[in-house]
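J.: Numbering (the working numbering), first residue to last: 20 to 146. The beta-carbon is built from N, C-alpha and C at its ideal position, and this holds for glycine as well. Below: one structure in structure tokens.
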Amino acid sequence: MAYAYDTNNIFAKILRGEIPCNKLLETEHSLAFHDIRPQAPHHVLVIPKGPYVTFDHFALEASDAEKADFLTAIGNVCKALGVQPGEGGAGYRAISNAGNDGVQEVPHLHVHILGGRVLGRMLERAE
Ligand code: 5GP
């Protein structure tokens with residue numbers, strides 16, 4: 020089944036300028052802004068401007084220009100936050116939740132960049 024993009028999701032509204040965000044950086048195809056409910060001292064969301072629902076949707080259907088722009092934006096967010104381990108930063112975690120099992124709240128692709136503290140285990144243990 021093909022993805023159906025909900026043009027009324029909250030990140031679509033942010034991209035249209037209908038609701039504000041605390042922007043960190045913007046490029047031709049991507050936007051990065053601080054999460055409204057941060058779960059770590061650094062918590063930035065990086066989104067493509069195109070109508071992609073999940074990481075796999077973007078990976079399989081976005082243009083090469085969109086993909087290059089998005090990856091570069093993620094790298095520049097890490098740089099702006101000073102978390103790059105290769106540059107003396109303390110590290111970070113990049114997460115993209117997808118669908119029901121991934122517990123995705125907003126149906127527009129976003130990569131969370133989290134850092135500023137030791138982030139603990141990647142996943143909770145299953146009950
Ligand atoms: P998900 O669970 O879909 O991976 O993450 C969605 C993220 O979007 C959550 O961390 C949530 O705090 C964030 N979020 C939801 N609504 C808004 C909003 O209006 N502005 C910002 N900046 N972040 C939001």
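1. With respect to the beta strand (DSSP E) encompassing residue 45, which residues constitute its N-terminal and C-terminal limits?
2. Go to residue 183, then tell me how far its alpha helix (DSSP H) extends in each direction, as first and last residue.
3. Considering only the beta carbon of each residue, do residue 52 and residue 43 sit closer than 7 Å?
4. Check residue 34 in the structure and name its three-state DSSP category.
5. Residue 128: which of 120, 45 and 89 sits nearest, CA to CA?
T.: A quick look at the data gives this:
1. 42-45
2. A question about residue 183 goes unanswered here, because the residues of the chain that appear run from 20 up to 146.
3. yes
4. helix
5. 89
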